[in-house]
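So the sequence shown is residues 0 to 176, counted in numbering that gives the first Met the number 0. Notes for the one structure printed next.
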Amino acid sequence: MQISEAEDRRRIQKLELERIMDLLFFQVRNLWRVDGLYFLGIEEKFGTDAATEIDANCWSSLAKIEARELKKIFGIEKVENVETLLELLLNTSWALYQTKKEFEVKGEAGIFRVVSCKIQEARLKKGLEIFPCKKVRFGYLKSFAEELNGDFEVFCKVCPPDEKPKEFWCEWEFRKK
Numbered sequence: 000m001q002i003s004e005a006e007d008r009r010r011i012q013k014l015e016l017e018r019i020m021d022l023l024f025f026q027v028r029n030l031w032r033v034d035g036l037y038f039l040g041i042e043e044k045f046g047t048d049a050a051t052e053i054d055a056n057c058w059s060s061l062a063k064i065e066a067r068e069l070k071k072i073f074g075i076e077k078v079e080n081v082e083t084l085l086e087l088l089l090n091t092s093w094a095l096y097q098t099k100k101e102f103e104v105k106g107e108a109g110i111f112r113v114v115s116c117k118i119q120e121a122r123l124k125k126g127l128e129i130f131p132c133k134k135v136r137f138g139y140l141k142s143f144a145e146e147l148n149g150d151f152e153v154f155c156k157v158c159p160p161d162e163k164p165k166e167f168w169c170e171w172e173f174r175k176k
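Here it is, written out as structure tokens:
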């Protein structure tokens, strides 16, 4: 029996809202499980530098896809301000995966912080080193912001391998040029 996307949508619409939310977040976690598994495999075979390089390229490409798709989903042609950028960012697979995050608009700047990073905390729990993710995350966020509007700039305030503040793992600032 063949099942189309339309039939999948009808089947899912019959679920209670809470089950739909569970399913959504389960799929987000699965994306990150795959990311972690392939990263660890590459890291084990070729080292952290090679794994980071591959990871950075993948996430930079995904950021552009997510930005385009989110604009479509929310009916936005061009993002003109940091408020809208942050709202779209909160709907990315990366932001949805982070269970504790903060965002704020300060004048012309949008700030996004990861308070509790599931990726880093999982690595520490497994006895692994903190992953120096700044290159990967910067490329992702830069590509995401530029795809929304080429006038946005991204600044890393802190992200591993930077020394971690007690209150959060990483902090990013978005501004228009």
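Don't be surprised by glycine CBs; every beta carbon is placed ideally from N, CA and C.
What is the rounded straight-line gap between the Cα of residue i and the Cα of residue j?
{"i": "R112", "j": "L89", "result": "11 Å"}
{"i": "P159", "j": "K125", "result": "18 Å"}
{"i": "L95", "j": "M0", "result": "33 Å"}
{"i": "K176", "j": "I2", "result": "47 Å"}
{"i": "I11", "j": "K77", "result": "31 Å"}
{"i": "R32", "j": "L23", "result": "14 Å"}
{"i": "W168", "j": "I75", "result": "30 Å"}
{"i": "K20", "j": "G40", "result": "The residue asked about is misnamed: residue 20 is Met in this sequence, not Lys. If I take the Cα positions, the gap works out to 30 Å."}
{"i": "R8", "j": "E15", "result": "13 Å"}
{"i": "N56", "j": "G106", "result": "32 Å"}
{"i": "S142", "j": "C132", "result": "15 Å"}
{"i": "E172", "j": "G35", "result": "26 Å"}
{"i": "A5", "j": "R18", "result": "19 Å"}
On the DSSP letters alone, give me the boundaries of the alpha helix (DSSP H) that residue i sits inside.
{"i": "G35", "result": "L16 to F45"}
{"i": "K124", "result": "K117 to K124"}
{"i": "T91", "result": "Where T91 is concerned, there is no enclosing alpha helix (DSSP H), given that its DSSP letter is neither H nor E."}
{"i": "D7", "result": "E4 to Q12"}
Would you mind stating whether residue i and residue j have Cβ atoms separated by less than 8 Å?
{"i": "T51", "j": "K117", "result": "no"}
{"i": "V153", "j": "A144", "result": "yes"}
{"i": "V27", "j": "S92", "result": "yes"}
{"i": "E146", "j": "K71", "result": "no"}
{"i": "S59", "j": "G149", "result": "no"}
{"i": "I129", "j": "R122", "result": "yes"}
{"i": "L61", "j": "F151", "result": "no"}
Locate the beta strand (DSSP E) running through residue i, then write down its first and last residues.
{"i": "A152", "result": "It is worth fixing the name first, because residue 152 is Glu in this sequence and not Ala. Here the beta strand (DSSP E) through E152 covers F151 to V157."}
{"i": "F137", "result": "Unbroken run through F137 is the alpha helix (DSSP H), K133 to L147; no beta strand (DSSP E)."}
{"i": "W171", "result": "C169 to K175"}
{"i": "E101", "result": "K99 to K105"}
Report the CB separation of residue i from residue j in whole angstroms; it is logged as a contact under 8 Å.
{"i": "V104", "j": "E82", "result": "6 Å"}
{"i": "A66", "j": "R174", "result": "Contact flag wrong, Cβ pair sits at about 17 Å."}
{"i": "F38", "j": "D54", "result": "6 Å"}
{"i": "I110", "j": "E42", "result": "Not quite, the Cβ-Cβ distance comes to about 30 Å (not below 8 Å), so this is no contact."}
Could you tell me whether the Cβ of residue i comes closer than 8 Å to any Cβ of chain B?
{"i": "K124", "result": "No chain B appears in this structure, which consists of one protein chain only."}
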